[in-house]
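Protein chains in written order, with our numbering: chain A, 430 to 891; chain B, 11 to 298. We put the CB at the ideal spot given by N, CA and C, even for glycine. All of these numbers come straight from a predicted model, not from anything done at the bench.
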Amino acid sequence: MATASAAGNQAVMGKALREGIFAGVVAFLMFLLFVGIETYQDINNALVWRTRWGLLAIFVIVAAVGRFVTVAFIKPHIDQRKLNKAKDGLLDVSEKKGFLRRHFLKFALVLLLVYPFLSLLIVGKQGSLKYVDNFGIQILIYVMLAWGLNIVVGLAGLLDLGYVAFYAVGAYSYALLSSHFGFSFWILLPLSGIFAALWGIMLGFPVLRLRGDYLAIVTLAFGEIIRLVLINWTDVTKGTFGIAGIPKATFFGIWSFDTGAPNNFVKAWGLSASSVYYKIFLFYIILALCMLTAYVTIRLRRMPIGRAWEALREDEIACRSLGIDTVTTKLTAFATGAMFGGFAGAFFASRQGFVSPESFVFLESAVILAIVVLGGMGSLTGIAIAAAVMVGGTEILREMSFLKVVFGPDFTPELYRMLLFGLAMVIVMLFKPRGFVGTREPTAFLKERRSVSGSFTKEGHG
Amino acid sequence: MASGTVTMTKDTILKVEHLSMKFGGLMAINDFSFEARRGEITALIGPNGAGKTTVFNCITGFYKPTMGMITLARKNGKELLLERLRDFEINKVGGVARTFQNIRLFSGLTVLENLLVAQHNVLMKASGYTILGLLGLPTYRKAVDASIEKAKYWLDKADLTDRADDPAGDLPYGAQRRLEIARAMCTGPELLCLDEPAAGLNPRESAALNTLLHSIRDEGVSILLIEHDMSVVMEISDHVVVLEYGQKISDGTPDHVKNDPKVIAAYLGVEDDEVDEVIAVELEGGHH
């Protein structure tokens, strides 16, 4: 018995060694050009290259050792645990969720509500600027954009690769109307949403007769067209210079956040001057906008129009046979999604105080779509988690100065953002092909609400 | 909805005249005419590739016919030309519902949700095109309750009440067929078009389907169905139309059709010495 298991151990070790070496070779070939060679400009402005063998060696060793450890120790351990569980007759999936999981949403909401004050308490005014603005507001903007796109892609199943166009329409609507006519944030926020929705209808009308890949390509083109118009229509948009000096949002017209204004918020409350109050205010605005998006999405899903969206995703031909006007149904999805993009755009413009076409490149559309797909199409919770992971993750990369100790002082972790982004997507899609939350909550039930497994829902083709 | 109150009027509900459908150089249907009567089960039969599904797609608006006229007479006396309506209007305005040869359910939606989607147009109107519904007005609530009652009624008829909260894609094949019919009935049609409803069913499921179809007819809904299996057709239909190579070769009661030599020839092929006779008959039928 002992000898048999020893022989088995030896076989596992041999296999692990072989696979580890193989992983090392693969990593070497993959990273040879990516990491091993670097180009730079020398004093004469000529482009020359140098090698980074040390960094390459670290990558290869991490891959080889990682594979070896996985095969030799982690996998047998997991198999053993599964076997033990099977022997005990325990089911892998338990029906009852833990207390924390059942009340997850309530906890998350409470945490979000106290988040700015928590960060004020812990790191002080100057320190919390980063946490409220870079993490809080930035993530919530993407949550809102992804929830808006979720209506189009996740519910109606229309692949929209140019969603950032509506974001741009909202942002420029706010920037132009506020600087030319001096309208306030609270008037322009709904207006920007309406403009974006109108734009969505205008673009959608000719486009939505197309299906699948064709729709994706045309929406992609429309996204680029809007960006190019913004660049080239210099009389109105000031082209690549962008529009600066966009007015800040006010506290419903009661208090202003402009320093020097007579009704300045900080003065009125006798606080010491700091921009953190404005950031906290913005945090709550975007939080409220996110909640509005979620509320409207949840309500619409239970309305006939929302059910028609999901039915459209499942089978468009069947929809038509049931008397559903698929063109109007698609248009409403497109317009509703665009409206939330417009809201987010207006908010973005007032937060930055500056908009330029740079902010509305295709990459933004791709990131928003990636968040929707990673989160699980249609699931609000999953998408919020994905946005926090993706956007928060890239922000955290900036903080990881300790990596410089490992990879040398030249290492700038932000530059590896896209590499890690792609890696994370591959890993998530391997283990959770339907995204973080792959199940679908039914909108109506007779006896009990049971989640629909992701294997039954479709992604949509139009 | 009790079956006793229905008067079996024999007037025409659907009239197809000189229907032709051309795909490039292929004449899929050639000058095809027939009538379906109200309150009856009319079967459209024929060998594989005869053009049955093409006729169906013309009637239900998925194809625009090359030539011909399709007239639908509604209960309220209105007459509609189906070939002029847009695809979704055939159901919404014309009251014609259909099922598909390869079942098209919303597989990620639950059985109940499938039946609620079918009541889209009624609910949309009740919800004031979403706007009033978002405010939660009592009229909309009432409409929602009514839609759930209707769904329950058809769940019960299709024997699917136990599976109401399961995803439609999770049902066995026979149940999916019944659900598709129940979903079509939830749109409140006057004419129900079924494309091979018995295909792939085992004898027990087939019997359950027959019961369901008879109960639908007893509610006063006319049925038009495609089938190439003669034994199923003879059992349930009141009137049979036979199609071969895009042309009508026979039309009448099941008994009449069963004994028609042209139908027998089309289905079974003919003996060598009968060929001349059959050709003579076909030539006769081809020239008007």
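Proximity to residue i [Cα-Cα], best of the options
i: residue 825 of chain A; options: A:810, A:437, A:813, A:843; result: A:843
i: residue 786 of chain A; options: A:675, A:598, A:537, A:585; result: A:598
i: residue 805 of chain A; options: A:662, A:779, A:732, A:582; result: A:582
i: residue 500 of chain A; options: A:749, A:443, A:646, A:585; result: A:443
i: residue 571 of chain A; options: A:813, A:673, A:784, A:496; result: A:813
i: residue 24 of chain B; options: B:243, B:93, B:274; result: B:93
i: residue 841 of chain A; options: A:484, A:750, A:724; result: A:484
i: residue 556 of chain A; options: A:588, A:566, A:705; result: A:705
i: residue 726 of chain A; options: A:464, A:496, A:579, A:877; result: A:579
i: residue 771 of chain A; options: A:847, A:603, A:677, A:792; result: A:603
i: residue 640 of chain A; options: A:737, A:742, A:463, A:609; result: A:742
i: residue 140 of chain B; options: A:735, A:530, A:606; result: A:735
i: residue 42 of chain B; options: B:162, B:181, B:252; result: B:252
i: residue 535 of chain A; options: A:720, A:465, A:564, A:586; result: A:720
i: residue 796 of chain A; options: A:731, A:889, A:851; result: A:851
i: residue 205 of chain B; options: B:217, B:190, B:197; result: B:190
i: residue 620 of chain A; options: A:601, A:854, A:810, A:834; result: A:601
Whether residue i touches residue j by CB criterion (8 Å)
i: residue 50 of chain B; j: residue 266 of chain B; result: no
i: residue 173 of chain B; j: residue 219 of chain B; result: no
i: residue 722 of chain A; j: residue 628 of chain A; result: no
i: residue 108 of chain B; j: residue 178 of chain B; result: no
i: residue 203 of chain B; j: residue 64 of chain B; result: no
i: residue 199 of chain B; j: residue 231 of chain B; result: yes
i: residue 740 of chain A; j: residue 595 of chain A; result: no
i: residue 123 of chain B; j: residue 872 of chain A; result: yes
i: residue 28 of chain B; j: residue 79 of chain B; result: yes
i: residue 44 of chain B; j: residue 261 of chain B; result: yes
i: residue 818 of chain A; j: residue 656 of chain A; result: no
i: residue 60 of chain B; j: residue 22 of chain B; result: no
i: residue 775 of chain A; j: residue 617 of chain A; result: yes
i: residue 157 of chain B; j: residue 115 of chain B; result: no
i: residue 808 of chain A; j: residue 881 of chain A; result: no
i: residue 788 of chain A; j: residue 554 of chain A; result: no
i: residue 552 of chain A; j: residue 709 of chain A; result: no
i: residue 651 of chain A; j: residue 591 of chain A; result: yes
i: residue 686 of chain A; j: residue 615 of chain A; result: no
i: residue 247 of chain B; j: residue 76 of chain B; result: no
i: residue 794 of chain A; j: residue 593 of chain A; result: yes
i: residue 487 of chain A; j: residue 478 of chain A; result: no
Beta-carbon neighbours of residue i, restricted to chain B and to distances below 9 Å
i: residue 739 of chain A; result: 116, 118, 119, 123, 127
i: residue 871 of chain A; result: 119, 120, 122, 123, 175, 177
Partners in chain A for residue i, counting only beta-carbon separations shorter than 7 Å
i: residue 241 of chain B; result: The premise fails here: residue 241 of chain B is roughly 28 Å from chain A at the closest Cβ pair, so nothing lies under 7 Å.
i: residue 137 of chain B; result: 732, 733
i: residue 108 of chain B; result: 750
i: residue 180 of chain B; result: 885
i: residue 133 of chain B; result: 733
i: residue 70 of chain B; result: 750
Cβ-based burial, residue i [other Cβ within 10 Å; buried from 16]
i: residue 816 of chain A; result: buried
i: residue 440 of chain A; result: exposed
i: residue 212 of chain B; result: exposed
i: residue 515 of chain A; result: exposed
i: residue 673 of chain A; result: exposed
i: residue 137 of chain B; result: buried
i: residue 472 of chain A; result: exposed
i: residue 679 of chain A; result: buried
i: residue 38 of chain B; result: buried
i: residue 707 of chain A; result: buried
i: residue 298 of chain B; result: Any reading at residue 298 of chain B must be qualified, since the residue scores a pLDDT of 44, below 50, and its modelled position is unreliable; no value is offered.
i: residue 676 of chain A; result: buried
i: residue 119 of chain B; result: buried
i: residue 538 of chain A; result: exposed
Closer than 7 Å at the beta carbon, the chain B residues around residue i
i: residue 753 of chain A; result: 98, 130
i: residue 875 of chain A; result: 122, 174, 175
i: residue 881 of chain A; result: 118, 120, 177
i: residue 728 of chain A; result: 144
Short CB-CB distance (under 8 Å) between residue i and chain E
i: residue 746 of chain A; result: Reference to chain E is not applicable here, since the protein chains of this structure are A and B.
Neighbour list for residue i in chain A, Cβ cutoff strictly below 9 Å
i: residue 101 of chain B; result: 749, 750, 751, 752, 753
The region 53–68 of chain B / the region 227–247 of chain B touching (three or more Cβ pairs under 8 Å): yes
Sufficient close CB pairs (3 or more, under 8 Å) joining the region 543–550 of chain A to the region 791–803 of chain A: Fewer than three Cβ pairs drawn from the region 543–550 of chain A and the region 791–803 of chain A lie within less than 8 Å of each other, which leaves the two stretches out of contact.
Cβ contact check for the region 628–642 of chain A and the region 757–771 of chain A: 3 or more pairs under 8 Å: Under the three-pair Cβ rule at 8 Å, the region 628–642 of chain A counts as touching the region 757–771 of chain A.
Meets three-Cβ-pair contact criterion under 8 Å: the region 445–459 of chain A and the region 488–502 of chain A: yes
contact_flag[the region 736–753 of chain A, the region 99–108 of chain B] where n(CB pairs < 8 Å) is 3 or more: Below 8 Å, enough C-beta pairs join the region 736–753 of chain A and the region 99–108 of chain B to call them touching: three or more.
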